[in-house]
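Residue numbers (the working numbering): 78 to 342.
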């Protein structure tokens, strides 16, 4: 992995835009559900892969950076961009030479928390795996693999299943990319599906995290329950519907690998 010559980034050279970088980096790491040690471990894998010891990041160093108490080089910024699958512009709006290549993602590189993808290399890669074109291509009338022509691309968002989101494991493994129809938010009644392969899957947002799962409403439609797969290690959860949890949409399509994936149960 070739890196540009080291440039120290601090408020003296960067000016006002550099203020608060540490807190932004911490927010990105927490959004991914990663600990300081897990980031360090991923940097060690990059170091081994590219034979470059300068790619290693220590937990204590990252902790100081996140507290805005440590200067850092552009090379370290690119390492963090690679680990978080974000461009340098998204992190700092500064280093345009940051990695632009689409990530070759597997479960060990993916986020621990499920994410709703909005921009960056990870979203770009998800778009190549689940392109907009599949929403407009004509398919057999009886197929249930792809959305029908009535849906428009702007009705959809993409998400990724995090390593810790095991509600539907092993049916849906960490690293799975999901296409979400945000116009389908109504929770289906039990009589509307016949089995696990026919049951609607929903992308949910709670105050703490995103969850991809089966779910159901109680008779009063005030409590939404997460219904895990019968082989999943996850326990059922209950939330106050529309207060503690909201439905982002219903999963319309998925991209999932069957090699090289494992769950961190």
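For every residue, glycine included, the Cβ atom is placed at its ideal position computed from N, Cα and C.
Bear in mind that the values here come from a model prediction, so they are computed numbers and not experimental data.
Under the three-state DSSP convention, the category residue i falls into
i           : result
residue 285 : coil
residue 225 : In this predicted model, residue 225 has a pLDDT of only 49, less than 50, meaning its place in the structure is not dependable; the value taken from the coordinates is given anyway. In the structure shown, residue 225 sits in coil (DSSP, three-state: anything other than H, G, I, E or B).
residue 325 : strand
residue 291 : strand
residue 304 : strand
residue 279 : strand
residue 100 : helix
residue 106 : helix
residue 209 : helix
residue 267 : helix
residue 132 : helix
First and last residue of the uninterrupted beta strand (DSSP E) at residue i
i           : result
residue 315 : 314–317
residue 113 : Here residue 113 belongs to no beta strand (DSSP E); instead the alpha helix (DSSP H) covers 113–127.
residue 333 : From DSSP, residue 333 is part of no beta strand (DSSP E); its letter is neither H nor E.
Inter-residue Cα distance where the pair is residue i and residue j
i           : j           : result
residue 306 : residue 278 : 11 Å
residue 332 : residue 100 : 33 Å
residue 258 : residue 328 : 6 Å
residue 152 : residue 254 : 29 Å
residue 207 : residue 299 : 34 Å
residue 81  : residue 102 : Here residue 81 scores only 41 on pLDDT, less than 50, and its place in the model is too uncertain to base an answer on.
residue 246 : residue 232 : 26 Å
residue 122 : residue 262 : 40 Å
residue 131 : residue 157 : 13 Å
residue 96  : residue 145 : Low confidence applies to residue 96: its pLDDT is 46, below 50, so where it sits in the model is not reliable, and the reading given next is rough at best. So the alpha carbons of these two residues sit roughly 8 Å apart.
residue 323 : residue 291 : 14 Å
residue 276 : residue 154 : 43 Å
residue 198 : residue 159 : 9 Å
residue 325 : residue 133 : 37 Å
residue 282 : residue 288 : 6 Å
residue 177 : residue 201 : Its pLDDT being 41, under 50, residue 177 is placed unreliably by the model, and nothing is read from it.
residue 310 : residue 243 : 7 Å
residue 250 : residue 256 : 15 Å
residue 301 : residue 193 : 20 Å
residue 280 : residue 274 : 16 Å
residue 297 : residue 269 : 18 Å
residue 124 : residue 161 : 16 Å
residue 260 : residue 105 : 28 Å
residue 196 : residue 286 : 18 Å
residue 304 : residue 129 : 45 Å
residue 135 : residue 127 : 18 Å
residue 319 : residue 294 : 11 Å
residue 98  : residue 150 : 13 Å
residue 334 : residue 248 : 12 Å
residue 252 : residue 312 : 21 Å
residue 163 : residue 209 : 21 Å
Beta-bridge partners of residue i, as assigned by DSSP
i           : result
residue 236 : 193, 255
Residue range of the unbroken alpha helix (DSSP H) whose run includes residue i
i           : result
residue 139 : 136–143
residue 204 : 198–206
residue 151 : 151–161
Residue i CB to nearest heavy atom of the ligand SAM below 7 Å
i           : result
residue 268 : The ligand SAM is not part of the structure shown, which contains no ligands of any sort.
Is the stretch 236–245 touching the stretch 187–199 in the sense that three or more CB pairs, one from each, lie closer than 8 Å?
The stretch 187–199 is in contact with the stretch 236–245.
Inter-stretch contact at 8 Å, needing at least 3 Cβ pairs: the stretch 115–122 / the stretch 130–140:
Short answer: they touch.
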